[in-house]
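The structure appears right after this line, and notes come after that.
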Amino acid sequence: MLTYIIRRLIGAFAMLVVISMVTFGIFYVVPQWAGATPEAMASRYVGRAATPETVHLVAERLGFYDPVVVQYGNFVKGLFAGAQYDYGAGVEHCPAPCFGYSFITGQPVWPDLLDRLPVTFSLAIGAALIWVVAGVAVGVLSALRRGSFFDRLTMGTALAGVSLPIFFTGMISLVVFSYGLGWTPPGGAWTDFSENPAEWAYNLLLPWITLAFLFAATYARLTRAGMLETMGEDYIRTARAKGLRERQVVVKHGLRATLTPILTLFGIDFGLLIGGAILTETTYTLPGLGQYAILAIRTQDMPQVMGVVLVAAMFVVIASLVVDLLYAVVDPRVRLS
Amino acid sequence: MSENEPLLSVQNMEKHFPVTKGLFKRQVGAVKAVDGISFDVFKGETLGLVGESGCGKSTTGRLVTRLLEPTAGKIVFEGQDISHMGQGRLRPLRRDMQMIFQDPYSSLNPRHTVGAIVGAPYRIQGVKTENGVKKAVQDILELVGLNPEHYNRYPHEFSGGQRQRIGIARTLALKPKLIIADEPVSALDVSIQAQVVNLLEDLQKELDLTYVVIAHDLSVVRHISDRVAVMYLGKIVEVADRKSLYSVPMHPYTNALMSAVPVPDPKVRKDRDRIRLKGDVPSPLNPPPACRFHTRCWKAQDICKKVEPPLAQMAEGHQVACHFPENAPELPAAETAAKTG
Amino acid sequence: MSFLDVKDLKIHFPTDDGLVKSVDGLSFGVERGKTLGIVGESGSGKSVTSLGILGLHKGGRARLSGEIWLDGEELIGASTEHVRSLRGKKMAMIFQDPLSSMHPYYTVGQQIIEAYRIHNDVSKQVARKHAVDMLGRVGIPEPARRVDSYPHEFSGGMRQRAMIAMALSCDPELLIADEPTTALDVTVQAQILDLMRDLQREFNSALIIITHDLGVVAELSDDILVMYGGKCVEYGSAEDVFYRPEHPYTWGLLGSMPRLDREPTERLLPIKGSPPSLINVPPGCAFHPRCPYAERTGDKATTEVPALAETEGGHLVRCHMSREERRGLWENEIKPVLETQ
Ligand SMILES: Nc1ncnc2c1ncn2[C@@H]1O[C@H](COP(=O)(O)OP(=O)(O)OP(=O)(O)O)[C@@H](O)[C@H]1O
Ligand SMILES: Nc1ncnc2c1ncn2[C@@H]1O[C@H](COP(=O)(O)OP(=O)(O)OP(=O)(O)O)[C@@H](O)[C@H]1O
Ligand code: SF4
Ligand code: SF4
Ligand SMILES: [Mg+2]
Ligand SMILES: [Mg+2]
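Residue numbers (the numbering used here), protein chains in the order written: chain C, 1 to 337; chain D, 338 to 678; chain U, 679 to 1019.
Okay, here's the thing in structure tokens:
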């Protein structure tokens, strides 16, 4: 088991390295291939009014003339050891992990990311909880009552949930619940958990449900299909033949086996959730990472983009790592290979 | 066993499947599915191949039809070495060598009609027939006991036994010389098994076919074969003509196998002298050294763990790989051991 | 009344294609310490019968009628909860494929412990000791260590032993084994059959063994029930059925089967055609489309369902031919052919 964990950790780390290289390549190198000169990139730091000489100097100091490998090396060094930026007008120290400075605001990227992380995290965790519980419960119930009214109703709703885009369901619920009924705040509201947990939850309720709806629908359908299959397995028949009560047969034997693939999916989804969060945050104008990323991309603020991508990638990689480890705990057959 | 030249001759054939591990597919071992076996099949005869699950029977079948390439050794078909022949050069030979599979349900494409399935070999091999493919297919259908009017029907409309007949019809289309049948009846009901066994025997007489029949059922193999080879963990441990194998089995494993077959006679069960093996067949990933049977053999001695017994002639047409064979009158055990040791 | 007494059991499934009469009027009994063998081809209703006795069709689509008396208690009319409380304790079952019949995510020990604790109010530790004990009794080496293994870490034979340990953990008085050895190799099958025979003697339970292999039935059974198309066609002691069979279908089964204990015949005597559809069971005698003697009973074969009538001392046969006619055929036509084998 230990070697398995170590192997997986190394794999996860390698994955992050590859992602960072690719991202770096896309945002720093490809623009140059596409004709962007080091001067053009440097001019983003000093403003359009600067003289060509200043721009040239800054580009040199920022290392834009160096070979890609050196640039990437410096970037990684910044991540782990921090970096010194010399603009000519004094030296700025950027402590590790240093993602550089925003082109636009001139602020270091990392504190910005840290600022927005709790928002995205709150959204993701709350929604994940809701969708797993609701999705699995609905899936199990409809599988056990296949063909019933409940089954048809929930599966019909689930189909809608899978096929409707988030901004649509989001907008509809905003219109109905906030503007119409006035049950929830109209978006944009954010209270830190440590300040007022009730307020925090109240503000996030609608975004949670909107986001969870999409995933819960998928999970309900998957759970239902998985349960239908599992309940036909020979070992379920064995469990019944032992004289086990039906509820235990369903939970201990049926659900146990069904949950394993769902768990895998959950890991991937939790990572991908960042994508969903982007849309949800945009809809509800929440000050999270998603919104930050959209802004960054719109303004071509490379250090910011790089930061968001790496943090997001870390989400995905860590989530799938945790799930893989859990998987090995749950399914004893995995450990062997 | 008519001519001296065998139709198929296998010499020291091996197939090791690599077992890989990790990201870089490092090879950590090999499944020795077939580990150095030799046998001949003569024209017009039926060679039976028996053994327990995982001993390498199917792999042997797939090797001699060259669906797999051997890791070592030689396969000679009609005087030609086909061991490492490329697919292009094998193609014409495939007409002469056909395989019947175990599962009559999954081996037929459900979307093709019987006519298309049985006629496919003609199209693939580009063979011209006198009165058209349809007539030829209908003739074959009749030969295997199906109604020629079944031509336009689909496999799912047939029972298991009838599907196996369709499978057999397909292999017969090109008038092969050698048919490898891998568990041709084990998925079928008893009453249907008998129909298919009889059909295979009739076809052999009528079309002068040569068979290698792979099965785990000793009674079916005895019924259908002229000679029988017994396999254990990738090795042939005994080969003999049917009569001497079943009346004087020499290898302890063969004896144990026969003793294990339940006899459909309620009286016999009470007074039968049984040999009961302990445990299961070891993994072919890590087979026991020297004689592979020594972990379960009640006659095992030290030498069995150190020296591999060669497949040696013990009587006319009867080869056994054992240091201390049963029922072997001519050669005392000590002598056999000395000879190999 | 026997310990288990089944009377006129019918199990029908309504489906889109029509009513499937999987079991259609079956009656039999088993005493404690005795073994009943149920034989029949695939789809003849053997498994449906055994699941019916255990009450595992309850809540499904199946329509059950008739009576199942277990130790003086009627089960078909009993509440689901009551039948559940008997399952595993008073009656238990061993299934065909031990790998798929055990939960892949729980250790063998956990599964036996669970079975034991459903019916016995004991601590986990006590149940665990019991599980180790049971594993030892069914012949698993090092039971104290293997109790924590997962099913996939066991070999096929060991898994079936573990299944047996699980079924016997609450000391059931009725044990039903549905094809307990079909998935196993012959040498392992022999071990398991020995084990079942020994354990039955030790536990003195009533045993029903379901199989399509006449050899397996002969090894274990006191009484034999031959099923065809959801009905019993012949029922009697093992000696009756093997030495004095009177139903043409039983003759067919015996003739279809190559045997190791006799000289091989030239040809097997298969039953023509294939097993009936249970939706459109042939009218009259369900076996008539395949019966070589159907003409002898004239129109009756196709119009009238023959009754299951006693021929002599508890030996029951379902055929329109007269007792003398059947015995004559067996003595003069069938037996001589089978025995020259
Ligand atoms: N493609 C493959 N890769 C790796 N191992 C293989 C492969 N094919 C077969 N094996 C292994 O080789 C061994 C022999 O397999 P084979 O199918 O020849 O056995 P068999 O005698 O036909 O058994 P059975 O009676 O179960 O069909 C088995 O242990 C099997 O797991
Ligand atoms: N739930 C069900 N719904 C409809 N038909 C069923 C159901 N269960 C079984 N049957 C049908 O009942 C018939 C008898 O099935 P059963 O499983 O008892 O056969 P069997 O004698 O055990 O055969 P085998 O030797 O293949 O196990 C089959 O035709 C099967 O298709
Ligand atoms: S060589 Fe030894 S171990 Fe092998 S079969 Fe013969 S007696 Fe048994
Ligand atoms: S009743 Fe007629 S058809 Fe049926 S088994 Fe007897 S002889 Fe054959
Ligand atoms: Mg095989
Ligand atoms: Mg069955």
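Cβ atoms here follow ideal geometry from the backbone N, Cα and C, with glycine treated the same way.
Determine, for residue i, whether the minimum Cβ-Cβ distance to residues of chain U falls below 7 Å.
| i | result |
| --- | --- |
| residue 540(D) | no |
| residue 324(C) | no |
| residue 256(C) | yes |
| residue 653(D) | no |
| residue 456(D) | no |
| residue 235(C) | yes |
| residue 389(D) | yes |
| residue 602(D) | yes |
| residue 244(C) | yes |
| residue 241(C) | yes |
| residue 496(D) | yes |
| residue 581(D) | no |
| residue 593(D) | yes |
| residue 253(C) | yes |
By how many angstroms is the C-alpha of residue j removed from the C-alpha of residue i?
| i | j | result |
| --- | --- | --- |
| residue 769(U) | residue 851(U) | 6 Å |
| residue 1015(U) | residue 983(U) | 29 Å |
| residue 342(D) | residue 377(D) | 9 Å |
| residue 222(C) | residue 212(C) | 15 Å |
| residue 674(D) | residue 522(D) | Any answer about residue 674(D) is weak, because its pLDDT of 46 lies below 50 and its placement is not dependable; what the coordinates show is given next. Taking the straight line from one Cα to the other gives about 39 Å. |
| residue 672(D) | residue 582(D) | Its pLDDT being 48, under 50, residue 672(D) is placed unreliably in this model, and the value from its coordinates should be taken loosely. Those two C-alpha atoms are separated by around 22 Å. |
| residue 911(U) | residue 986(U) | 7 Å |
| residue 175(C) | residue 289(C) | 24 Å |
| residue 841(U) | residue 883(U) | 17 Å |
| residue 661(U) | residue 960(U) | There is simply no residue 661(U) to check, as chain U begins at 679 and stops at 1019 in what is shown. |
| residue 716(U) | residue 808(U) | 32 Å |
| residue 261(C) | residue 483(D) | 46 Å |
| residue 518(D) | residue 951(U) | 23 Å |
| residue 230(C) | residue 214(C) | 25 Å |
| residue 823(U) | residue 493(D) | 48 Å |
| residue 53(C) | residue 218(C) | 57 Å |
For residue i, which option in the options has the closest C-alpha, if you only look at C-alpha atoms?
| i | options | result |
| --- | --- | --- |
| residue 595(D) | 398(D), 584(D), 489(D), 655(D) | 584(D) |
| residue 719(U) | 949(U), 945(U), 761(U), 847(U) | 949(U) |
| residue 82(C) | 73(C), 183(C), 97(C), 157(C) | 97(C) |
| residue 109(C) | 237(C), 269(C), 163(C), 311(C) | 311(C) |
| residue 548(D) | 564(D), 555(D), 630(D) | 564(D) |
| residue 916(U) | 778(U), 940(U), 713(U) | 713(U) |
| residue 737(U) | 872(U), 761(U), 923(U) | 761(U) |
| residue 498(D) | 531(D), 612(D), 661(D) | 531(D) |
Might you give, ordered along the chain, the residues of its own chain that have their beta carbon closer than 6 Å to the beta carbon of residue i, omitting 5 neighbours on each side?
| i | result |
| --- | --- |
| residue 420(D) | 407, 411, 412 |
| residue 414(D) | 345 |
| residue 199(C) | 191 |
| residue 925(U) | 911, 912, 995, 997 |
Kindly say whether residue i, judged by its beta-carbon, lies nearer than 7 Å to any beta-carbon of chain D.
| i | result |
| --- | --- |
| residue 949(U) | yes |
| residue 920(U) | yes |
| residue 833(U) | yes |
| residue 695(U) | no |
| residue 893(U) | yes |
Check whether chain C comes within 7 Å of residue i, counting only Cβ atoms and requiring the distance to be less than that.
| i | result |
| --- | --- |
| residue 836(U) | no |
| residue 868(U) | no |
| residue 796(U) | yes |
| residue 760(U) | no |
Going by beta carbon distance, what residues of the same chain come within less than 7 Å of residue i, once the five residues before and after it are set aside?
| i | result |
| --- | --- |
| residue 729(U) | 735 |
| residue 354(D) | 367, 368, 370 |
| residue 723(U) | 700, 701, 905, 908 |
Which residues in the same chain as residue i place their Cβ atom closer than 8 Å to its Cβ, once the five residues preceding and following it in sequence are excluded?
| i | result |
| --- | --- |
| residue 681(U) | 707, 708, 709, 710, 748, 749, 851, 852, 884 |
| residue 21(C) | 72 |
Listed by chain order, which residues have C-beta atoms less than 6 Å from any heavy atom of ligand 2? Around ligand 2, the residues whose beta-carbon falls short of 6 Å from at least one of its heavy atoms are 691(U), 693(U), 698(U), 700(U), 718(U), 720(U), 721(U), 722(U), 723(U), 724(U), 725(U), 726(U), 890(U), 956(U), given in chain order.
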